[in-house]
Amino acid sequence: MAELIEENKSLLRKVNAQQKIINAFSGDQGFSHADELRDPPFFPESAAYEPEQEVAEQDAERGEQPDYLFTIREVYGTAPESPKLIFTQDTEAARHSLLAIVPTQYSHYLVRHHCKVLHWIHAVFHIPSFLSTHDGWIASIQRGQLTDQSYDWLSLYFAIISASLYFLDETEAMGLGLTKEALPRLWFDISINCLHLGQYMVRSTIPILQTICVLPLVAHSFGMSAYLFSLLELAFNMAKDLNLHLLADESIYAASLGNVDSEMGKRIWTCLDVAHCMHPSISQPYALLYPTSRTSPPANVDDAHFSDTVPAISRPLYQTTGVTHLISMGQFASLYRGFNTEYNKETTTYARFLVAQKYGQKAGTILDSMPEHQPRPLEQYYPIVATGEAFNYRPWSRFLFSSLIPQCRIHFFRWFLRPAYGDDRFREARKICLQASREIIELRCKPIPPLYQKNWHVSVNTIMAATVIATELLHGGHEEPVKVGFRTEVNTAIEILRQSNTTNTIIPRGIELLQRMLAEEAAAAAWTQEGFWKSLAEISADEDLLALLLGNGSS
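Count along the sequence shown from 1, then add 188; that gives the number in our numbering.
Rendered as structure tokens:
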């Protein structure tokens, strides 16, 4: 009986697949999933079967995409014969549908642009290996041959395309005939859809993890922070399923993966750790933290210098490679983790304040072993080099660290801003946070290439800095001439955000917050004798500001 049930189920799926092909070639668009669901079952209700398993099997075999993905045909001027056949059987209709999704004419450029300009931020895929797979795949499509790729790999591919288009210089995008405002989000959605089609919730694979590590480049800017944070939590469990938390140098786990996969595993774990520590719920002293893993930091080596037959030999950290920035970010993640751990161990406010002092000093020393990445106060930032030349990411990295280091100090001390306005023991917190905020605003006042401004945390750091200054304006009890200066600084930050050459959805949210704080101060009618503002809706930098700015998964 069980064999008959399985045979009938298989037959039903084949009939439905054939019906879809017939409808596609005949131009009949009336066939839908609902029609499938209305078909009478081939098995009795009393038969033993697994409904969830059947649904998963049917989804995997159908492999269909939501209709909104096919708007891409309008952009590229192609119309697939049957949108319903995307990623299904190897038919002529499926081939044309696939060509409508994959930007074959731009793929080589966009993928290599990512490898050259953006890969250093995450470094989670091996460039030579990925390019070899990609180039062979695109060549087969251009020859009219449909070479199957897993949904896992496709999710990574489309994430790479999305990030490339988001960070691409507007002039270059126009030269390619691309609509920059529309395409990055579309490719992001396709990448997410491929994750779902690949059943990422129940499968742990390296390409899925690589995709989740690439998506933060654009997810926050697209208003998908809440969704991304859920992905990151899931990714940690996936990584542990694959033993990526056990990749210590010379361990049996590292040896069993081979040179390339072992290094990618270390980079993935580091990248996930960095993204995890930037989560709003982690960016506070009471966060739940994962135990320290055994995984060693990635080797400081360029992808071109190792393979499965050539071991990855790490270079000194003072020699910059395509992984040095990620390694340094991993050290900042460890700093956050250490702060949270020690903060939780203390039981008094003053003891915790001493912990903040300790880690505030450490933040300025992390880059001592990486002099090429240390911020340079007098550095002038220039636009990206011409296409075709080697890309030097060091200035961009230094720019990011120029705002990250003061942001770290704000992070460690902002929990003491509230008591600092009534207890002189914590007055240093006000001074340090205010100084760090002014460093960030001063940095943003410099001429900065649009490319550098597109990292989501650049905007968040600017908003946080302006919020600290606005908090001082609201609660500092200053005389009017001093308050005028604070208002000017906040308005300067608002203007910087407005002029940012990015579609980042965090920016309007931050501007609204800062304007609200200015309006509250302007509407002040009375002050207490101590000089504190009486506010029923107090906003200050010691609240979960990041959650307010990034909690936007519904958009």
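The beta-carbon is built from N, C-alpha and C at its ideal position, and this holds for glycine as well.
Residue i, DSSP secondary structure in three states
i, result
"Leu701", "helix"
"Met466", "coil"
"Thr693", "coil"
"Pro485", "coil"
"Leu392", "According to the sequence as given, residue 392 is Ser; it is not Leu. Here Ser392 sits in coil by DSSP."
"Tyr506", "coil"
"Ser338", "coil"
"Glu522", "Checking the sequence shown, residue 522 turns out to be Ser, not Glu. If DSSP states are grouped into helix, strand and coil, Ser522 belongs with the helices."
"Tyr581", "coil"
"His561", "helix"
"Asp377", "helix"
"Phe313", "coil"
"Ser688", "coil"
"Cys596", "helix"
"Cys621", "helix"
"Ser409", "coil"
"Ala707", "helix"
"Gly548", "helix"
"Pro571", "coil"
"Ile501", "coil"
"Glu660", "helix"
"Glu245", "Reliability fails at Glu245, whose pLDDT of 43 lies under 50, so the model's placement of it is uncertain and the value that follows must be treated cautiously. In this structure, Glu245 counts as helix in the three-state DSSP scheme."
"Ala608", "helix"
"Gln641", "helix"
"Lys634", "coil"
"Pro291", "coil"
"Val511", "coil"
"His302", "helix"
"Asn431", "coil"
"Gly387", "Looking at the sequence itself, residue 387 is Gln, so the reference to Gly does not match. Of the three classes helix, strand and coil, the one that applies to Gln387 here is coil, per DSSP."
"Lys208", "Note that Lys208 has pLDDT 46, beneath the 50 cutoff, so the model's placement of it is unreliable and the number below is only indicative. Of the three classes helix, strand and coil, the one that applies to Lys208 here is helix, per DSSP."
Residue i and residue j closer than 9 angstroms at C-beta
i, j, result
"Ile684", "Ile629", "yes"
"Arg675", "Glu709", "yes"
"Phe346", "Val305", "no"
"Ala653", "Pro594", "yes"
"Glu627", "Ser585", "no"
"Tyr531", "Ala544", "yes"
"Leu433", "Arg482", "Position check: residue 433 holds His in this sequence, whereas Leu was assumed. The answer is yes: Cβ separation under 9 angstroms."
"Val448", "Met517", "no"
"Thr399", "Ser343", "yes"
"Phe424", "Leu460", "yes"
"Leu374", "Ser350", "yes"
"Thr458", "Ala500", "no"
"Pro637", "Pro571", "yes"
"Thr393", "Asp340", "yes"
"Ser450", "Leu435", "yes"
"Met452", "His314", "yes"
"Thr537", "Pro583", "no"
"Met705", "Thr650", "no"
"Ser557", "Leu505", "yes"
Residues near residue i by beta carbon distance below 7 angstroms, same chain, minus five either side
i, result
"Gly510", "His307, Trp308, Ala311, Asp490, Asp491"
"Phe541", "Phe604, Phe614"
"Ser688", "Gln641, Ser647, Ile695"
"Phe144", "Since the first and last residues shown for the chain are 189 and 743, residue 144 lies out of range."
"Val290", "Ile329"
"Lys634", "Tyr569"
"Met426", "Ser392, Ile396, Leu397"
"Ser502", "Ala487, Asn488, Val489"
"Leu441", "Per the sequence shown, residue 441 should be read as Tyr rather than Leu. These residues qualify, in order along the chain: Asn431, Leu434, Leu435."
The ligand FAD heavy atom lying under 8 angstroms from the CB of residue i
i, result
"Ala414", "Only the bare structure without any ligand can be found here, which leaves the ligand FAD out of the picture."
Neighbourhood of residue i by C-beta distance below 8 angstroms, restricted to the same chain and skipping five residues each side
i, result
"Gly548", "Cys596, Arg597, Phe600, Phe601, Ile620"
"Asn692", "His408, Ser409, Lys642, Trp644, Ser647"
"Ile657", "Leu622, Ser625, Arg626, Ile629, Phe674, Glu677, Val678, Ala681"
"Leu366", "Tyr294, Leu353, Leu356"
"Phe589", "Ser516, Leu555, His561, Gln562, Pro563"
Residues of its chain near residue i, where Cβ-Cβ distance is below 6 angstroms and the 5 sequence neighbours each way are ignored
i, result
"Gly446", "Asp496"
"Arg455", "Ala311, Val312, Pro486"
"His513", "Trp308, Ser585"
"Gln519", "Ile554"
"Ser328", "Thr335"
"Leu383", "Ser343"
So, do the region 385 to 403 and the region 411 to 420 have three or more beta carbon pairs nearer to each other than 8 angstroms? yes
Does the pairing of the region 377 to 384 with the region 652 to 669 give three or more beta-carbon distances under 8 angstroms? Because the criterion of three Cβ pairs below 8 angstroms is not met, the region 377 to 384 and the region 652 to 669 do not touch.
Sufficient close CB pairs (3 or more, under 8 angstroms) joining the region 351 to 366 to the region 319 to 335: A contact between stretches requires three or more CB pairs, one per stretch, nearer than 8 angstroms, and the region 351 to 366 fails this requirement with the region 319 to 335.
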